[in-house]
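Trainee: Start counting the sequence shown at 0; every next residue gets the next number (numbering that gives the first Met the number 0).
No residue lacks a Cβ here, since even glycine has one placed at the ideal position from N, Cα and C.
Please see the structure below; I have some questions.
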Amino acid sequence: MKRFLVLLLALILVIPPMTASAGFNKHLPTALMTMKFQCGCSGKGCGVMVGRYGLLTAGHNLYCRYHGQGLKSCEFLFGATSAYVGKRKYYNGFRYVVYDTFRKGYSPDWDIGYVIFKYDVGKNTGWYNPRVASDKDLKNRGAHIAYYNNSYRFGDDFMTNVSVKDSTLLYLSEYPSGDCAGPVFLWDNDMAYVIGVVAAKSDGTVYATRLTQQVYDDMRNDGAFD
Ligand SMILES: [Zn+2]
Numbered sequence: 000m001k002r003f004l005v006l007l008l009a010l011i012l013v014i015p016p017m018t019a020s021a022g023f024n025k026h027l028p029t030a031l032m033t034m035k036f037q038c039g040c041s042g043k044g045c046g047v048m049v050g051r052y053g054l055l056t057a058g059h060n061l062y063c064r065y066h067g068q069g070l071k072s073c074e075f076l077f078g079a080t081s082a083y084v085g086k087r088k089y090y091n092g093f094r095y096v097v098y099d100t101f102r103k104g105y106s107p108d109w110d111i112g113y114v115i116f117k118y119d120v121g122k123n124t125g126w127y128n129p130r131v132a133s134d135k136d137l138k139n140r141g142a143h144i145a146y147y148n149n150s151y152r153f154g155d156d157f158m159t160n161v162s163v164k165d166s167t168l169l170y171l172s173e174y175p176s177g178d179c180a181g182p183v184f185l186w187d188n189d190m191a192y193v194i195g196v197v198a199a200k201s202d203g204t205v206y207a208t209r210l211t212q213q214v215y216d217d218m219r220n221d222g223a224f225d
């Protein structure tokens, strides 16, 4: 699968001073994204830090799923407690990679992408562990979804059953309301392991797009986990 890479100019805004975090916090690494696309569409979405520099999110948060146009701007509000208030905000100094630009129409198959920040965002937010889950790992497995709801309230305890559809997609039995496209994660030994992201709801079935070995390797090679 061909990759598409987009560069945005580097500037950064860091809002409050960092506070020491004790233990793993699922909220802080989860960004409420406010997207504006080149086609004029806009929206809200979710992404999650999976390393110091890398944020995993749905492809449709990076390219408009209706018009196949990339981001014009995006604000990442980490630890958001409302649409505008959170712990850290970044709106520049990043580039992003997607695997489908939806120019030929939307499909959940490669509705995944990632953002590489120029700065060590994870130092301030912490991050979820990325995991390339095998089909065997996912057999009869419950998973969780982190999300911001339509009122921009964070939730991290949403539970769903996952089952494998194919090499890129999982079926989800349940999903939170709203259009956040949050991370799907397994909870093992008090740590969260992200295995995919909720795809856009296109035909009534809800899928998660899997974090594949290819995406993981691309993220690593792009410095997401440095
Ligand atoms: Zn659009």
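In or out: Val-84 buried (at least 16 other Cβ within 10 Å) or exposed?
Mentor: Its Cβ having fewer than 16 others within 10 Å, Val-84 is exposed.
Trainee: What separation, rounded to the nearest whole angstrom, lies between the Cα atoms of Val-205 and Val-196?
Mentor: One C-alpha to the other measures close to 11 Å.
Trainee: Count the other CB atoms within 10 Å of the CB of Asn-220; is the residue buried (16 or more) or exposed (fewer)?
Mentor: Its Cβ having fewer than 16 others within 10 Å, Asn-220 is exposed.
Trainee: Looking at the structure shown, is Lys-86 part of a helix, part of a strand, or coil, going by DSSP?
Mentor: Coil.
Trainee: Which residue spans inside the segment 80-141 form an unbroken alpha helix (DSSP H) run of at least 4?
Mentor: For the segment 80-141, whole alpha helix (DSSP H) runs of length 4 or above, ordered along the chain, are 120-124.
Trainee: Does Tyr-174 come out as helix, strand or coil in the three-state DSSP assignment?
Mentor: Tyr-174: coil per DSSP, three-state reduction.
Trainee: State the CB to CB distance for the pair Arg-128 and Val-193, rounded to an integer number of angstroms; the pair is presumed to be in contact (CB under 8 Å).
Mentor: Note on identity: in this sequence residue 128 is Asn, with Arg being the wrong assignment. Between Val-193 and Asn-128 the Cβ distance is about 7 Å, and since that is below 8 Å, they are a contact.
Trainee: According to DSSP, simplified to helix, strand and coil, what is Asn-60?
Mentor: Reduced to three states, the DSSP call for Asn-60 is helix.
Trainee: Let me know the secondary structure DSSP gives Asp-165 once reduced to three states.
Mentor: Asp-165 falls in the coil class under three-state DSSP.
Trainee: Quick one, are the C-beta atoms of Cys-238 and Phe-93 less than 8 Å apart?
Mentor: As shown, the chain starts at 0 and ends at 225. That puts residue 238 outside it, with no answer to give.
Trainee: Leaving out the 5 sequence neighbours to the left and right, which residues in its chain are closer than 6 Å to Ser-162 when beta-carbon positions are compared?
Mentor: Excluding sequence neighbours, Ser-162 sits near Tyr-170.
Trainee: Cutting at 7 Å between CB atoms, please list the residues of its own chain near Tyr-174, excluding the five before and the five after it.
Mentor: So the list reads Ile-144, Thr-159, Val-197 and Val-205, once near-sequence residues are dropped.
Trainee: Let's see if you can read the secondary structure: which residues bound the alpha helix (DSSP H) around Arg-219?
Mentor: Its alpha helix (DSSP H) spans residues 212-220.
Trainee: Beta-carbon distances below 7 Å to any heavy atom of ligand 1 define the shell here; list its residues in chain order, please.
Mentor: Output, sorted by chain position: Phe-36, Cys-38, Gly-39, Cys-40, Cys-63, Tyr-65, His-66 and Gln-68.
Trainee: If you draw a straight line from the C-alpha of Ser-72 to the C-alpha of Tyr-89, how long is it?
Mentor: Taking the straight line from one Cα to the other gives about 11 Å.
Trainee: Can we say the segment 104-119 touches the segment 52-62, given the rule of at least three CB pairs closer than 8 Å?
Mentor: With a cut-off of 8 Å, the segment 52-62 and the segment 104-119 count as touching, because enough Cβ pairs lie within range.
Trainee: Write down the C-beta distance between Pro-107 and Ser-201 rounded to the nearest angstrom, noting that I regard them as a contact closer than 8 Å.
Mentor: Correct: roughly 6 Å between the Cβ atoms.
Trainee: Which term fits Gly-78, buried or exposed, when burial requires 16 or more other beta carbons within 10 angstroms of its beta carbon?
Mentor: Its Cβ being crowded by 16 or more others within 10 Å, Gly-78 is buried.
Trainee: Alpha carbon to alpha carbon, how far is Gly-203 from Ser-176? Give it in angstroms, no decimals.
Mentor: Their backbone Cα atoms lie some 13 Å apart in a straight line.
Trainee: Is the CB-CB distance between Arg-87 and Thr-124 below 8 Å?
Mentor: Result yes, Cβ atoms of Arg-87 and Thr-124 sit closer than 8 Å.
Trainee: Can you tell which of Trp-126, Lys-164 and Phe-157 has its C-alpha closest to the C-alpha of Lys-135?
Mentor: For Lys-135, the nearest C-alpha among the options comes from Lys-164.
Trainee: Quick one: what does DSSP say Thr-204 is sitting in, helix, strand or coil?
Mentor: Reduced to three states, the DSSP call for Thr-204 is coil.
Trainee: What would DSSP say about Arg-209, mapped onto helix, strand or coil?
Mentor: Of the three classes helix, strand and coil, the one that applies to Arg-209 here is strand, per DSSP.
Trainee: Which value, in whole angstroms, describes the spacing of the CA atoms of Asp-99 and Gly-58?
Mentor: Roughly 7 Å between the two C-alpha positions.
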